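Peer 1: Chains A and B, in that order, give the protein sequences. So the first sequence is numbered by the numbering used here: it starts at 2 and just counts up by one. So the second sequence is numbered by the numbering used here: it starts at 2 and just counts up by one. For glycine and all other residues, C-beta sits at the position ideal for the given N, C-alpha and C. Fair warning: this is a prediction, and the values are worked out from it, not measured in the lab.
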Amino acid sequence: MESTRVITEMIVEEAKKSAEHILQEAEKSAEDTLKKQKQRGVQRANEAAKTLLKKAESEAELNKLNSIANSKIKANWVILSKKETWINNVLNEAKNELNILTQSKKYLPILEKLITEAGVILGGKGLEVLLNAQDSALPLKLDNIAKEIGEKTGFKTKLKLSTEKPEVIGGAIVRTANGKVIMDNSFDDILRRREKELRSEIAKILF
Amino acid sequence: MLVLLEAFKAIKEKHVEAKRIVEEATAQAEKLMNEAEQKTLKVYEEAYKATLSQAEQKAMNLKRKAAKEAEHELSMFLSTAEDKAKGIEAKAKKNFKTAVDYVLNLVLP
Chain A
2 MESTRVITEM IVEEAKKSAE HILQEAEKSA EDTLKKQKQR GVQRANEAAK TLLKKAESEA
62 ELNKLNSIAN SKIKANWVIL SKKETWINNV LNEAKNELNI LTQSKKYLPI LEKLITEAGV
122 ILGGKGLEVL LNAQDSALPL KLDNIAKEIG EKTGFKTKLK LSTEKPEVIG GAIVRTANGK
182 VIMDNSFDDI LRRREKELRS EIAKILF
Chain B
2 MLVLLEAFKA IKEKHVEAKR IVEEATAQAE KLMNEAEQKT LKVYEEAYKA TLSQAEQKAM
62 NLKRKAAKEA EHELSMFLST AEDKAKGIEA KAKKNFKTAV DYVLNLVLP
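1) If we define contact as Cβ-Cβ less than 8 Å, is Gln29/B a contact residue for chain A?
2) Check each candidate in Val13/A, Lys55/A and Asp185/A and name the one with the smallest Cα separation from Glu24/B.
3) Would you list the one or two residues that DSSP bridges to Ser187/A?
4) Ala46/A CB to nearest chain B CB: under 8 Å?
5) Looking at the C-beta of Leu63/B, does it have a partner C-beta in chain A at a distance below 8 Å?
6) To the nearest angstrom, how far is it from the Cα of Ile69/A to the Cα of Ala76/A?
7) Give a yes or no on whether the minimum CB-CB distance between Leu6/B and chain A is below 8 Å.
8) Per DSSP, Thr177/A forms a beta bridge with which residues?
9) Rounded to whole angstroms, what is the Cα-Cα separation between Thr177/A and Leu131/A?
10) Mind checking who Leu162/A pairs with in its DSSP beta bridge?
11) Using a C-beta cutoff of 8 Å, does Leu75/B count as contacting chain A?
12) Write down the C-beta distance between Ala56/B and Ile80/A rounded to the nearest angstrom, noting that I regard them as a contact closer than 8 Å.
13) According to DSSP, is Lys39/A helix, strand or coil?
14) Would you kindly report the start and end of the unbroken alpha helix (DSSP H) that includes Gln104/A?
15) Roughly how many whole angstroms lie between the Cα atoms of Val126/B and Phe188/A?
16) Using a Cβ cut-off of 9 Å, pull out every chain B residue sitting near Ser59/A, in sequence order please.
17) Cα-Cα, which of Val91/A, Ala57/A and Glu58/A is closest to Asn96/B?
18) By the three-class DSSP mapping on this structure, what secondary structure does Met11/A have?
19) Grab the span of the alpha helix (DSSP H) containing Gly155/A for me, first residue to last.
20) Run the CB neighbour count on Asn67/A, radius 10 Å, all protein chains shown included, and call it buried at 16 or more, exposed below.
21) Can you check whether the CB of Val182/A is closer than 8 Å to the CB of Lys153/A?
22) Comparing the C-beta of Leu3/B with each C-beta of chain A, is any distance below 8 Å?
23) At the 8 Å Cβ level, is Asn133/A part of the contact set with chain B, yes or no?
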């Protein structure tokens, strides 16, 4: 009877050991599975993170470069705008002084010279002189001017004051009798014609 | 003979009990494995999200840092430009009359 008891106890004991082993293995396996899944998740996320960070780095760098380029443009604009303002100030002041000049006694001989120059360029003969309203009232010696143009061109010249009154600061517009050729020697047009060159020269002098 | 028979019977009973113990453990083990299987997706997703979230934060910090640096550069450029503009203004004031005279000389005959 004793040996039977030993045998049956052994059988149950073995079964319990087996059961314990099965459960331990199952627990270990479940733990491993979860651990591996976690590692897999981290690994996959790290791959995605690598791409994400690379993209973020490029975007950040690109944005930074763009911002710096814009900053340089803004900074240059501050300087250029300041220069532009001063160049415009010079041109405006010059126009202002020309306006003042047209009110002075010095202006008449200057106007006569401008008419003469234009007349010579047009080659003399029959010419029409266009002056603004104020200058049209000046005591211009058109015959004397015509004579000078004639001497310089070799053609007998006749000057006629036009009834047209262009709105200019001063100076004269001279055209041939048939109106086909015009020499604009108004202050406004001289300034307009030479503006590009003037701006460049003014910049050299100012800065 | 009777004793032997009882012994066999006792052994057989314990065999049945042993079999039941192992079967129960196997069933429990299968249950554990199934539960683990069901948790795998959740564990994967949680680990993925947590790691990626850190990277996203890092990416955001990178961008913020770059933006801050760019802002600093802008204020430096503007400050330099304003200094230059002051220099330009000083020179322009000094040379203003010469420039106006230059224009007048060019316009007047």
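Peer 2: Quick look at the numbers:
1) yes
2) Val13/A
3) As a beta-bridge residue in DSSP terms, Ser187/A pairs with Gly172/A.
4) yes
5) yes
6) If I take the Cα positions, the gap works out to 10 Å.
7) no
8) The bridge partners DSSP lists for Thr177/A are Leu128/A.
9) Distance from the CA of Thr177/A to the CA of Leu131/A, rounded to the nearest whole angstrom, comes to 11 Å.
10) Val130/A
11) yes
12) Not really, about 43 Å apart at Cβ, beyond 8 Å.
13) Three-state result, Lys39/A: helix.
14) No alpha helix (DSSP H) holds Gln104/A; DSSP gives it neither H nor E.
15) With chain B represented from 2 up to 110, any question about residue 126/B goes unanswered, as that position is not in the structure.
16) Per Cβ cutoff of 9 Å: no residues; Ser59/A is ~10 Å from chain B at best.
17) Val91/A
18) helix
19) Gly155/A -> no alpha helix (DSSP H), and no H or E assigned at all.
20) exposed
21) no
22) no
23) no
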